[in-house]
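J.: The sequence shown begins at 1489 in our numbering and counts up one residue at a time.
First the structure, then my questions, so here it is.
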Amino acid sequence: MSSYIPVIGLEIHAELLTKSKVFCTCSAEFGGSPNSRCCPVCTGMPGTLPVINQTAVQYAVKAGFALGCNINKFSVFDRKNYFYPDLPKAYQISQLQRPLCIDGLVEIETEKGKKNIRINRIHLEEDAGKLIHDDFNAVSLADYNRCGIPLIEIVTEPDIGSAEEAKAFVEKISLLLQYAGVCDCKMEQGSLRCDVNISIMKPDDKELGTRAEIKNLNSLKAITRAINYEIKRQSRLLDAGKRVIQETRRFNDNKGETTSMRSKENAHDYRYFPEPDILQVNFTDEMLDNIKNMLPELPHKRLQRYIHSYGLSEADAKIIVNQKRVSDFFEDAMKTYAAPKSLANFIIGELMRRINLGEVTMETLPFSASEFAKLVEMADTEKVSKNDAKKILRVMVETGEDAESIAKKQGMLIVNDLAKVKEQIAAILSENETAVVQYQNGEQKVFGFLMGQCTKALRGICTPKVIKETLEAALKQPVAAKETVAEEKVEAKTETAPEEVAYTEYHNDAAYRPTVKDKILQVDGNTLLPEFDYEAARNQIGEEISLKACVHKIRQMSSFAFIILRTGRYLMQAIYDPSNCAEKMDGIREGNFVSATGIVKENEKAVGGLELQLTHLTVISASNEEVPLKIFNPKLSCSLDINLDNRAVSLRNVNERAIFKIQEGVANGFRQFMLSQGFTEIHTPKIVAQGAEGGANIFHLEYFDKPAFLNQSPQFYKQTAVAFFDRVFEIAPVYRAEKHATSRHINEYIGLDFEMGYIDSMYDVMAMETATIRYIFSYLQEHYAHELEMLHADVPVVKGIPCVTLLEAKEILGNKGSKNKLDLEPEDEVALCEYAKKTFDSDFIFVTHFPSSKPPFYAMNSKEDPRLAYKFDLLFRGLEITSGGQRIHNYQEQVDKMIAQGLNPDDFHYYLEAHKYGLPPHGGLGIGLERFVMKLLGLSNVRQASMFPRDINRLLP
1489 MSSYIPVIGL
1499 EIHAELLTKS
1509 KVFCTCSAEF
1519 GGSPNSRCCP
1529 VCTGMPGTLP
1539 VINQTAVQYA
1549 VKAGFALGCN
1559 INKFSVFDRK
1569 NYFYPDLPKA
1579 YQISQLQRPL
1589 CIDGLVEIET
1599 EKGKKNIRIN
1609 RIHLEEDAGK
1619 LIHDDFNAVS
1629 LADYNRCGIP
1639 LIEIVTEPDI
1649 GSAEEAKAFV
1659 EKISLLLQYA
1669 GVCDCKMEQG
1679 SLRCDVNISI
1689 MKPDDKELGT
1699 RAEIKNLNSL
1709 KAITRAINYE
1719 IKRQSRLLDA
1729 GKRVIQETRR
1739 FNDNKGETTS
1749 MRSKENAHDY
1759 RYFPEPDILQ
1769 VNFTDEMLDN
1779 IKNMLPELPH
1789 KRLQRYIHSY
1799 GLSEADAKII
1809 VNQKRVSDFF
1819 EDAMKTYAAP
1829 KSLANFIIGE
1839 LMRRINLGEV
1849 TMETLPFSAS
1859 EFAKLVEMAD
1869 TEKVSKNDAK
1879 KILRVMVETG
1889 EDAESIAKKQ
1899 GMLIVNDLAK
1909 VKEQIAAILS
1919 ENETAVVQYQ
1929 NGEQKVFGFL
1939 MGQCTKALRG
1949 ICTPKVIKET
1959 LEAALKQPVA
1969 AKETVAEEKV
1979 EAKTETAPEE
1989 VAYTEYHNDA
1999 AYRPTVKDKI
2009 LQVDGNTLLP
2019 EFDYEAARNQ
2029 IGEEISLKAC
2039 VHKIRQMSSF
2049 AFIILRTGRY
2059 LMQAIYDPSN
2069 CAEKMDGIRE
2079 GNFVSATGIV
2089 KENEKAVGGL
2099 ELQLTHLTVI
2109 SASNEEVPLK
2119 IFNPKLSCSL
2129 DINLDNRAVS
2139 LRNVNERAIF
2149 KIQEGVANGF
2159 RQFMLSQGFT
2169 EIHTPKIVAQ
2179 GAEGGANIFH
2189 LEYFDKPAFL
2199 NQSPQFYKQT
2209 AVAFFDRVFE
2219 IAPVYRAEKH
2229 ATSRHINEYI
2239 GLDFEMGYID
2249 SMYDVMAMET
2259 ATIRYIFSYL
2269 QEHYAHELEM
2279 LHADVPVVKG
2289 IPCVTLLEAK
2299 EILGNKGSKN
2309 KLDLEPEDEV
2319 ALCEYAKKTF
2329 DSDFIFVTHF
2339 PSSKPPFYAM
2349 NSKEDPRLAY
2359 KFDLLFRGLE
2369 ITSGGQRIHN
2379 YQEQVDKMIA
2389 QGLNPDDFHY
2399 YLEAHKYGLP
2409 PHGGLGIGLE
2419 RFVMKLLGLS
2429 NVRQASMFPR
2439 DINRLLP
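In structure tokens:
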């Protein structure tokens, strides 16, 4: 691809935070039921007149000042005429000739350094309404609540040279508008949207290239991806000797590509003329000064104050300033406790960590900045330890309780009882006279040993600072030396002693040991470690049992504690009562792995109706750190990305891991049914020399200096094996190099594949799949009822599955269907499943007879109509989960179809050998396990059904 220079200009639309709309008194608040916040003025009824909202004008001017613009003292409004259903007046009141603000300048910073971006203009206009598309009923509904919302459009000069610069500019504009107090910049709600104008040119070109406009981008990620795609698209066109057309395009976030909407309009296409119903806007110098004085402190000034007045590092100051809510929280906290460095450190290190993990947002913090400041002050003044302060913050996030109350309840307050400190230190020095004499004789390093002994004894009673001061004072007092001092040297220690714990470590005297025969260990395999079985425990009421588990949740009561134990499949409630349990639980915390012994009791309120009255509790393995997610909640409250980034932790949540027990059940059910029907399980290679789909969407790799690929399916091997096994199946990963970032796609998934011989038609394969799915659901209900109930799974009853051809499907969809006549688009799949549910009460529907011109090349053409192939898809609740069909078994027929699809049969020599030596009529299919589980459990994203998903953006963990 040749080297081109991108030339980018942005049009940013920002809704203003006025209480009412720009030309009427309707509420401008986001949301509301459709068409509940509109009136004759904003819906363009005849005879109505607009009245300008003075606050909207002031906010637009404030935005201009914040963005370094000049303000026009004389400004007028114009009518922009165009016809669209969401614009009831058929024109938009905007500004063309005399906008409010012009000639602005905003500095951005990227990895390449700082750069100034010029702003051509900022004008005030009204927003349009919103169309809601009902694909199933093939109608679009108009919601006019947004009509007339005051909107500023910020138009840049073409100064932006990359997607990174565009992202940085939008971030900077968003920050400035938030600080100015004129827009909340919530892109997910549409209050900040962006249109991108982009062209490319060669370095030696004198004129700009033809531009394309990408409309309505509502996230920073979409802006970045759309620009990068468009640069590549235009580069390919020019490299191929074609030209770029000036047009308006839309960005498909699922596919990561832009598509044409319409030819690009210019100003004359809108037939602008002056708005006759609104007078011009005139400003005096005094009026502009008053508006300018209304501006609060802007981010660049606040940044400098944090660095120079508060002494924060530039990096820390930027983290705080670049999020206005965080910065305002910091400002409010400073009013209670003026310790900027401590507050900044705790905000960045601890509060932001809780936010980034999805536990809370700045908008939903259940405590005030003042309460947060008191917690930081308690840590600084050593009323609580630094580590305890972190624990207190987490409880504050969960409960909203104040820091001091939490510290008192959990015994974290340090009281500094000096009398007790002196008494304890005196006792320690008396017990360690040898070390005292060594210190007084000049061996300073022994102080660490003594300090460690004192810290351990006085934990929670006094701060390390007071202990140190008191110990130093005590060591200055003379102590009579023992006669054996010269012989009893105490090894100097520079570190304090490790934290003492009260729990008992696990030891099993009855642990299995191999027998010995002829002096050689013999492992017999007869003594196996048992796994906890909840159903078995139900039959042991009143008896003592033992289990090994992880401490999932601790709830400390006044005289006892509830401990929720997590085994590999179940939760078990345990009761710790110090009068009944032989060991102390002090020091045991959530995440520890323990051995628990106790009496099984019935308790209707406990998880599963059982609880364990503990008699013994020992620690097998202690956790080093507190888990970052609230895994003990029924469902994780964090985003999917945070969930996947912390998979080692998130899968400890019982709901998350239950998904994969269901996945296990689906695979087990599939395997059991296949074996019962005489199928042989095979295991095929995943590193191959050729792709099963003719080379499309395939991962390339190097195999000892030879080109190779990751297999897209076991198709070739399944067909080959039919010749000698008749029926085969495999459960294994398959790989598709599809560059999709959607909720439906992953690049590595588990395929449930089978192939069967001696079929009469593809309907034999479809019948086998119907029976397979029916068996899988029955198997799940028998063996995985616990997980199905936990996940509220709606398991369908499969009596029969309706079947339509692709042509019939398109006729059923009618105007509701996509324009793609050769395949099904996602919206088609959704609509067809709605039809199947409504008409046949079926969650599934087969679609058959796809065009024979499309891959796969091994699909047999229809004997009735060679334009079609004996290929089918199975849709489940709006999503394709299966692709299958009847295969070509005749050698010459297979060669002919390869040639017809532009393939060279010589490239498939080994595959064709099976055909050459004869194959029975056969067919098969592949089911996507993750998609199957996704739809069964009602998950919103296929990644949720993949333990460690691989997609276009994820290679870790």
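Even for Gly, the Cβ is constructed at its ideal location relative to N, Cα and C.
N2349: buried (16+ other C-beta within 10 angstroms of its C-beta) or exposed?
T.: Here N2349 is buried. Its C-beta has 16 or more other C-beta atoms within 10 Å.
J.: To the nearest angstrom, how far is the alpha carbon of D2021 from that of G2086?
T.: 15 Å
J.: Rounded to whole angstroms, how far is the Cβ of A2211 from the Cβ of A2347, which I believe are closer than 8 Å?
T.: Between A2347 and A2211 the Cβ distance is about 19 Å, and since that is not below 8 Å, they are no contact.
J.: Tell me the start and end of each unbroken beta strand (DSSP E) in the stretch 2327 to 2379 that is at least 3 residues and wholly inside, in chain order.
T.: 2332 to 2339, 2356 to 2364 and 2367 to 2374
J.: Tell me where the beta strand (DSSP E) around E1614 begins and ends.
T.: G1601 to E1614
J.: Whose C-beta lies closer than 7 Å to the C-beta of Q2101 among residues of the same chain, with five residues either side of it excluded?
T.: I2063, N2068, G2086, I2087 and K2089
J.: In angstroms, rounded to a whole number, what distance separates the CA positions of T1992 and N2027?
T.: C-alpha separation (whole angstroms): 30 Å.
J.: Going by other Cβ atoms of all chains shown within 10 Å of its Cβ, with 16 needed for buried, is I1688 buried or exposed?
T.: buried
J.: Report yes if the C-beta distance between S2249 and P2290 is below 8 Å; otherwise report no.
T.: no
J.: From the DSSP secondary-structure annotation, give me the bridge partner or partners of E2190.
T.: Within the DSSP bridge table, the entry for E2190 names P2195 as partners.
J.: Return yes when the Cβ of G2157 is within less than 8 Å of the Cβ of Y2237, no when it is not.
T.: Against a cut-off of 8 Å, the Cβ pair of G2157 and Y2237 comes out as no contact.
J.: Can you tell me the Cα-Cα spacing of M1749 and N1716, whole angstroms?
T.: 19 Å
J.: When the Cα atoms are used, what is the spatial distance from R1567 to Q1585?
T.: 11 Å
J.: Taking the alpha-carbon positions, what's the N2378 to P2344 distance?
T.: Spanning the two alpha carbons is a distance of roughly 16 Å.
J.: Taking Cβ to Cβ, would you say K1603 is nearer than 8 Å to E1653?
T.: With a cutoff of 8 Å on beta-carbon distance, K1603 and E1653 are scored as near each other.
J.: Is S2109 helix, strand or coil by DSSP?
T.: Reduced to three states, the DSSP call for S2109 is strand.
J.: Specify the secondary structure class of K1908 as computed by DSSP and reduced to three states.
T.: In this structure, K1908 counts as helix in the three-state DSSP scheme.
J.: Tell whether a beta-carbon distance below 8 Å holds between Q1580 and F1565.
T.: If you check the CB distance, Q1580 and F1565 do not come in under 8 Å.
J.: Between the beta-carbon of Q2061 and the beta-carbon of V2095, is there less than 8 Å?
T.: Going by C-beta atoms, Q2061 is nearer than 8 Å to V2095.
J.: Residues in its own chain within less than 7 Å of A1969 by CB, not counting five upstream and five downstream?
T.: Low confidence applies to A1969: its pLDDT is 46, below 50, so where it sits in the model is not reliable, and the reading given next is rough at best. So the list reads V1925, once near-sequence residues are dropped.
J.: Taking the continuous alpha helix (DSSP H) assigned at Y1927, which residues delimit it?
T.: E1921 to Q1928
J.: For the alpha helix (DSSP H) containing G1899, list its first residue and its last residue.
T.: First-last for G1899: undefined, no H or E at that position.
J.: Does the Cβ-Cβ distance between F2338 and K2359 come in under 8 Å?
T.: yes
J.: Would you list the residues sitting across from Q1433 in a DSSP beta bridge?
T.: The chain is shown only over 1489 to 2445; residue 1433 falls outside these bounds and no answer can be derived.
J.: Using the Cβ count rule (16 or more neighbours within 10 Å means buried), how would you classify T1982?
T.: Per-residue confidence for T1982 stands at a pLDDT of 42, beneath the threshold of 50, marking its modelled position as unreliable; the derived number appears in the next sentence. T1982 is exposed by the Cβ-count criterion.
J.: My parser needs the beta strand (DSSP E) runs of 3 or more residues fully inside the stretch 2225 to 2306; what are they?
T.: 2236 to 2245 and 2291 to 2293
J.: To the nearest angstrom, how far is it from the Cα of A2297 to the Cα of G2305?
T.: 9 Å
J.: Using 10 angstroms around the beta-carbon of E2019, count the other beta-carbons present and answer buried if the total reaches 16, otherwise exposed.
T.: exposed
J.: How would you write the range of the beta strand (DSSP E) that H2171 sits in, first residue to last?
T.: Taken as a continuous stretch (DSSP letters only), H2171 belongs to no beta strand (DSSP E), as it is neither H nor E.
J.: Starting from T1736, trace the beta strand (DSSP E) both ways and give me its first and last residue.
T.: E1735 to N1740
J.: Is it the case that the CB of I2076 approaches a heavy atom of the ligand ATP more closely than 7 Å?
T.: The model depicted lacks the ligand ATP and carries no ligand whatsoever.
J.: Taking all protein chains shown into account, decide if H1611 is buried (16 or more other Cβ within 10 angstroms of its Cβ) or exposed.
T.: buried
J.: Label M2045 either buried or exposed according to how many other C-beta atoms from any shown protein chain fall within 10 Å of its C-beta, with 16 as the threshold for buried.
T.: exposed
J.: Between the stretch 1843 to 1859 and the stretch 1876 to 1885, do at least 3 Cβ pairs fall closer than 8 Å?
T.: yes
J.: Does V1809 come out as helix, strand or coil in the three-state DSSP assignment?
T.: helix
J.: So what's N2441 in DSSP terms, helix, strand or just coil?
T.: coil
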